[in-house]
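Novice: Numbered by this note's numbering, the letters in the sequence shown go through residues 73 to 681 in order.
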Amino acid sequence: MIDELRIHGTFGPIEYYTNIAGSDVSKTIFYEETPQFVRFFSRGNEFMITENEIRYKGCGGSFCEYMFGVDKPIDDTLKKDVINRLIMFGAYISDDQVIFTDKVEGFESFYNLMLKGHAVQNYFFLVSSDYKGDYKERQKAILKVLGKFLKRTPLITEWDDVALMRSFMEALDEKDSTVFIIKLIHRDNFNLYSFYRDFYLEERGLDKEKEEFINKFVDEREIPEYQVERVKIDSMYKHPDNKTVVDEYRDILIDASGREQLKHTEMVRLKRLRTLGIRNNIPEVLFDTIDNQLLKGKKIIEGHEADYLKDARGILENLFFKDPNLKKHIIEEDIVRLLMAKHTANEKSEMGFEQILLDAGKMCDDLVRETNDFKIFEELSQILTYFDRYDNTYSLLSSVAFTEKYEITEETIRSLIGNKKEFDSLKAGLFKELFVNPMIVNKYLTSFGKKRVDTVYKGLKNIISGDASIKDLLMSLRKIGDEEKLYRIILIGLNEKIKDIYPRLETKVGREEVLSEIETELANKNVLRKVPKDIFEKAVIDIKKEAYYINHIFPKVVKSKDPKIRADFLENSGLDRFYVENLEIKYLKNKGLPYNSAEEIFVEATGAL
73 MIDELRIHGT FGPIEYYTNI AGSDVSKTIF YEETPQFVRF FSRGNEFMIT
123 ENEIRYKGCG GSFCEYMFGV DKPIDDTLKK DVINRLIMFG AYISDDQVIF
173 TDKVEGFESF YNLMLKGHAV QNYFFLVSSD YKGDYKERQK AILKVLGKFL
223 KRTPLITEWD DVALMRSFME ALDEKDSTVF IIKLIHRDNF NLYSFYRDFY
273 LEERGLDKEK EEFINKFVDE REIPEYQVER VKIDSMYKHP DNKTVVDEYR
323 DILIDASGRE QLKHTEMVRL KRLRTLGIRN NIPEVLFDTI DNQLLKGKKI
373 IEGHEADYLK DARGILENLF FKDPNLKKHI IEEDIVRLLM AKHTANEKSE
423 MGFEQILLDA GKMCDDLVRE TNDFKIFEEL SQILTYFDRY DNTYSLLSSV
473 AFTEKYEITE ETIRSLIGNK KEFDSLKAGL FKELFVNPMI VNKYLTSFGK
523 KRVDTVYKGL KNIISGDASI KDLLMSLRKI GDEEKLYRII LIGLNEKIKD
573 IYPRLETKVG REEVLSEIET ELANKNVLRK VPKDIFEKAV IDIKKEAYYI
623 NHIFPKVVKS KDPKIRADFL ENSGLDRFYV ENLEIKYLKN KGLPYNSAEE
673 IFVEATGAL
């Protein structure tokens, strides 16, 4: 007896996989094909695929995975386990309620389907039975038993149609019904997604050759730009390392969704994750997308306005006095004070300064409408230009500092030179005060990161004075990058065999033996023939520090819940804090302790940015 059937074919731009299961599979005529369409049907239900659209009628609906960044109903957004979009035929949303009707017949163009649903693959389903009542009552009943499963199942992302059908039938639990699940794949979008995903997985970025390949493919297939962006963002999000960080960022905002105010610790954790994102080369658009979804319309209350914010507000409000006797133009000293206020807000992870800018922009708009005088707008725009320079410089130097594989270019250096000149023209040494000094003392910056920041700053000074060239600075940074890459390779190699070699690391002879073994391995892989001894010794020392910390120090910290012990060790060890925190999380998981159960331990970490 046949329990399930599968039909696979192509029609127009679509590749389809139709799975049929249930009581009538072996005896029901359910399939028809002509040059104009492919049609599936059973007991008053039908689904048709044509050159440009699909048509449907009956009991069922459609579902697909939510692509990252799409607008989602707020209820789905706030439920961490809801990953799929579900639409029932003949139903619509009104005032957050699902309204059912008997109009269960319709059509959808492929363009709209891939635009509103998933860009690559979408599912439709029909439930065929001998039910004689109203469609809307039948649809309610189907949603009741299948809704939770279809909105949460990961099987559609795993491309396991057999398991999907069997789980669907178990959830439906109707022995006399026949079920059709039709998967529609847009071939061009699928290929684009595959290209981008595979290219991105290699280096978490696209080189010029791969970018040109994708652009050529997009042009030849005439794929809409909006779809291209959806595919890029979703595939970047799906990278395992990106997804872990971005999901944690999202979960913090979801947990705060019921409140008007974000806690300071939450703001700092969000900033830490963005810093980790810079280091891991995670595109900021992933974090910005979540901010737009979950912070939209939310008023962040900072409580009592700090003195530095009052000072900034007072400076900007001077622009809007109508009485010429009260108004004064903003001078260079005022701009420095504003920049320092923006910097302080950035360091403290406070939103107050951005709110002041929004208020100033609104006041400017109101005044321009009232007086039709655009001079105030021009003056405010000149001030905002300095803030744009601040953001640009902060972003560039953060990338240099925290991203191991960041490729600094001549254009980047020229931009930094221009910004340094502008800031230092306002106040001698302002560039160093705003950007270099705070970055050097950032507790999450590795020794190699500090070396890069120091090299960039000294290089910029030498280029401006004429004592060095941009190429000299690029060569110095590449040398640091090569050293860091080699250090990481050695560290990974030591970690992989730590149980076997750890006792030998205690003696000079033993370390020389291990060094010789690693050199042999790297030579066999055509990586390197001679390992610099200083880099090897640094890796050995760090390995021993990590082992001592996670086996001796951290268990005491967990038991005593005293963050000072942890802070003292990390302050003096010079270890990579992001890496150490990953070790801590693994330790807590192995002991069955959730991360947030030890949140008081990490108070020092969250306040350290």
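Think of the CB as a built atom: it goes at the ideal place given N, C-alpha and C, for glycine as much as any other residue.
Every value quoted in this text rests on a predicted model; they were computed, and no experiment measured them.
Whose CA, out of 187, 452, 212 and 188, lies closest to the CA of residue 199?
Specialist: Of the candidates 187, 452, 212 and 188, the one whose C-alpha sits nearest the C-alpha of residue 199 is 212.
Novice: Mind checking residue 442: buried by the 16 CB within 10 Å criterion, or exposed?
Specialist: exposed
Novice: Rounded to the nearest angstrom, what separates residue 312 and residue 605 at their Cα positions?
Specialist: 34 Å
Novice: Would residue 471 and residue 462 qualify as a contact pair, given that the criterion is a beta-carbon distance under 9 Å?
Specialist: no
Novice: Identify whether residue 194 lies in helix, strand or coil by the three-state DSSP scheme.
Specialist: strand
Novice: Report all residues from its chain with a CB closer than 6 Å to the CB of residue 271; omit the five preceding and five following residues, and keep chain order.
Specialist: 278 and 282
Novice: Which first and last residues belong to the beta strand (DSSP E) in which residue 163 is found?
Specialist: Taken as a continuous stretch (DSSP letters only), the beta strand (DSSP E) holding residue 163 covers 163-166.
Novice: Nearest-angstrom Cα distance between residue 516 and residue 649?
Specialist: 5 Å
Novice: Looking at the secondary structure, which residues open and close the alpha helix (DSSP H) in which residue 592 lies?
Specialist: Per DSSP, residue 592 belongs to the alpha helix (DSSP H) from 580-596.
Novice: Count the C-beta pairs between the region 497-507 and the region 375-385 that are closer than 8 Å, then say yes if the count reaches three, no if not.
Specialist: no
Novice: Quick one: what's got a C-beta closer than 6 Å to residue 404's C-beta in the same chain, skipping five residues either side?
Specialist: 498
Novice: Near residue 558, which residues of its chain fall below 6 Å by C-beta distance, leaving aside the five closest residues on each side in sequence?
Specialist: Answer for residue 558: 607, listed in chain order.
Novice: When you compare only the Cα positions, how much space is there between residue 533 and residue 555?
Specialist: 24 Å
Novice: Are residue 355 and residue 428 close, meaning C-beta to C-beta below 9 Å?
Specialist: In terms of Cβ geometry, residue 355 and residue 428 do not form a close pair [threshold 9 Å].
Novice: Report the residue from 223, 247 and 531 whose alpha carbon sits nearest the alpha carbon of residue 152.
Specialist: 223
Novice: Give the DSSP-derived three-state secondary structure of residue 179 in the structure shown.
Specialist: In the structure shown, residue 179 sits in a strand (DSSP, three-state: E or B).
Novice: Per the DSSP calculation, residue 89 is bridged to which residue(s)?
Specialist: 80 and 255
Novice: Taking its Cβ as the centre, do 16 or more other Cβ atoms sit within 10 Å of residue 446, making it buried, or is it exposed?
Specialist: By the neighbour-count rule (16 or more Cβ atoms within 10 Å), residue 446 is not buried but exposed.
Novice: Report the three-state DSSP secondary structure of residue 115 (helix, strand or coil).
Specialist: coil
Novice: Can you name the start and end residues of the beta strand (DSSP E) that residue 169 belongs to?
Specialist: 169-172 is the span of the beta strand (DSSP E), which, as asked, contains residue 169.
Novice: Thinking C-alpha only, which one of 622, 618, 630 and 656 is nearest residue 647?
Specialist: When the alpha-carbon of residue 647 is set against those of 622, 618, 630 and 656, the nearest one is in 618.
Novice: Excluding five sequence neighbours on each side, which residues of the same chain lie with their C-beta closer than 7 Å to the C-beta of residue 208?
Specialist: 162, 172, 173 and 174
Novice: Inspect the beta-carbon positions of residue 125 and residue 182 and report whether they are closer than 9 Å.
Specialist: yes
Novice: Tell me which same chain residues have a C-beta within less than 8 Å of the C-beta of residue 156, skipping the five on either side of it?
Specialist: 135, 136, 137, 138, 222, 223, 224, 225 and 228
Novice: From the DSSP output, which residues share a beta bridge with residue 127?
Specialist: 120 and 179
Novice: Taking Cβ to Cβ, would you say residue 218 is nearer than 9 Å to residue 243?
Specialist: Their beta carbons are under 9 Å apart, which means residue 218 touches residue 243 by this criterion.
Novice: My output table needs one value for residue 403: the three-state DSSP class, helix, strand or coil.
Specialist: coil
Novice: Tell me the DSSP bridge mates of residue 157?
Specialist: 136
Novice: Which residue comes first and which comes last in the beta strand (DSSP E) that contains residue 103?
Specialist: 103-105
Novice: Measuring alpha carbon to alpha carbon, tell me which of 614, 661, 657 and 525 ends up nearest residue 644.
Specialist: 614
Novice: Give me the Cβ distance between residue 452 and residue 468, rounded to the nearest whole Å; I'm assuming they're in contact under 8 Å.
Specialist: 25 Å between Cβ atoms; not a contact.
Novice: Rounded to whole angstroms, what's the CA-CA distance from residue 50 to residue 548? Just pull it up for me.
Specialist: Look at the range of the chain in this structure, 73 to 681, and you will see that residue 50 is not part of it.
Novice: Keeping to the same chain, check which residues put their C-beta closer than 6 Å to that of residue 661; ignore five residues upstream and five downstream.
Specialist: Residues of the same chain with their beta carbon placed closer than 6 Å to that of residue 661 are lacking, with the five preceding and five following residues left out of the count.
Novice: Where in the region 501-532 do unbroken runs of the alpha helix (DSSP H), each at least 4 residues long, occur, reported from the N-terminal end onward?
Specialist: Those alpha helix (DSSP H) runs which fall completely within the region 501-532 and span 4+ residues are 509-512.
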